[in-house]
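Novice: Residue numbers (numbering that gives the first Met the number 0): 0 to 87.
We treat Cβ as the ideally placed atom computed from N, Cα and C, and that holds for glycine.
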Amino acid sequence: MQGHPVLLNRAPTLHRLGIQAFQPILVEGRAICLHPLVCKGFNADFDGDQMAVHVPLSLEAQAEARLLMFSHMNLLSPAIGDPISVPT
């Protein structure tokens with residue numbers, strides 16, 4: 000998995016922030032750890048949410064994930080252009 004992007008998807012995927020790419024870091028256990036700044040895009044509220052992990056296999060799919068789908072490329076709302084997460 001080193002150097003290989005993965006896609007996380009939380010159904011239903013209603014907008015592009017419902018599926019994003021990440022560089023995985025393997026941890027102990029059976030849970031997926033998310034950075035708090037990406038939770039709003041997934042509408043993740045940790046009440047039993049389920050997420051799917053997809054692994055792009057072809058070099059083209061991996062390049063597309065890196066260029067378009069990495070979470071740092073999705074900082075603004077697709078609807079209005081405002082930041083997804085702001086300091087409170």
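For the pair the stretch 61–75 and the stretch 23–33, tell me if three or more CB-CB distances fall below 8 Å.
Specialist: no
Novice: Can you tell me whether DSSP reads Ala60 as helix, strand or coil?
Specialist: In the sequence shown, counting from the first residue as 1, residue 60 sits at position 61. Note: Ala60 maps to helix in three-state DSSP.
Novice: Report the rounded CA-to-CA distance for Thr12 versus Ile18, giving the unit in angstroms.
Specialist: Residue numbering aside, residue 12 sits at position 13 when the sequence shown is read from its first letter. Residue numbering aside, residue 18 sits at position 19 when the sequence shown is read from its first letter. Roughly 7 Å between the two C-alpha positions.
Novice: Take Val52 as the anchor and find which of Leu58, Leu33, Ala62, Leu66 has the nearest alpha-carbon.
Specialist: Position 53 of the sequence shown, counting from 1, holds the residue named residue 52. The residue with the shortest Cα to Cα distance from Val52 is Leu33.
Novice: Taking the C-alpha atoms as reference points, what is the distance between Gln61 and Gly2?
Specialist: Counting from 1 along the sequence shown, the entry for residue 61 is found at position 62. Counting from 1 along the sequence shown, the entry for residue 2 is found at position 3. Distance between the alpha carbons of Gln61 and Gly2: 10 Å.
Novice: Report back the beta-carbon spacing between Pro86 and Leu6 to the nearest angstrom; my notes put them in contact at under 8 Å.
Specialist: The residue labelled residue 86 in the question sits at position 87 within the sequence shown. The residue labelled residue 6 in the question sits at position 7 within the sequence shown. Their Cβ separation, rounded to whole angstroms, is 28 Å, which puts Pro86 and Leu6 out of contact at 8 Å.
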